[in-house]
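**Q** Sending over a structure as C-alpha cells; questions will come in a sec.
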Amino acid sequence: MDKEFEGDVYVLLYSENQGFFAVERLSDLIKRNMDLFVSGISVDYAVIGMGETRDDIEIIKQRLIGIRERYQDKNSS
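The sequence shown begins at 1114 in this note's numbering and counts up one residue at a time.
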C-alpha cells in the first residue's frame, strides 16, 4: 500500500476524546489502521464523512457541526 489506489477519496475523521477533526486519504487511513492493528494500538477516531475533494470534506464537516449543534440544543432543554 505504498501508493494511492485509483479513485482514492478523502475521509473526515473525528475524535470525541480530543474534540478534533482530521482529513486523510482513504488509502492512508487504511494503511495507518493496519499498522495500528499490528502494533496493538487503539485510537478513537471515527470516519464521519467521505468526499472526492477537501472542499467536499469541508462542506460535510460544516453540515455535521450544524446538525450536532441543533441536536444538542434540542436535547439540552
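Beta carbons are placed, not taken as given, at the ideal position from N, Cα and C, and that holds for glycine.
Helix, strand or coil, according to DSSP, for Val1160 in the structure here?
**A** Note: Val1160 maps to strand in three-state DSSP.
**Q** Please say whether Glu1137 and Leu1126 have beta carbons closer to each other than 8 angstroms?
**A** Yes, the pair counts as a contact, with Cβ atoms nearer than the cut-off.
**Q** Indicate the three-state DSSP secondary structure (helix, strand or coil) for Glu1165 in the structure shown.
**A** The answer is coil: DSSP assigns Glu1165 none of H, G, I, E or B.
**Q** Looking at Val1122 and Glu1171, is the spacing between their C-beta atoms short of 8 angstroms?
**A** Not closer than 8 angstroms, so no.
**Q** Could you tell me if the beta carbon of Tyr1123 falls within a distance shorter than 7 angstroms of some heavy atom in the ligand GTP?
**A** Of ligands this structure carries none, so the ligand GTP is not represented either.
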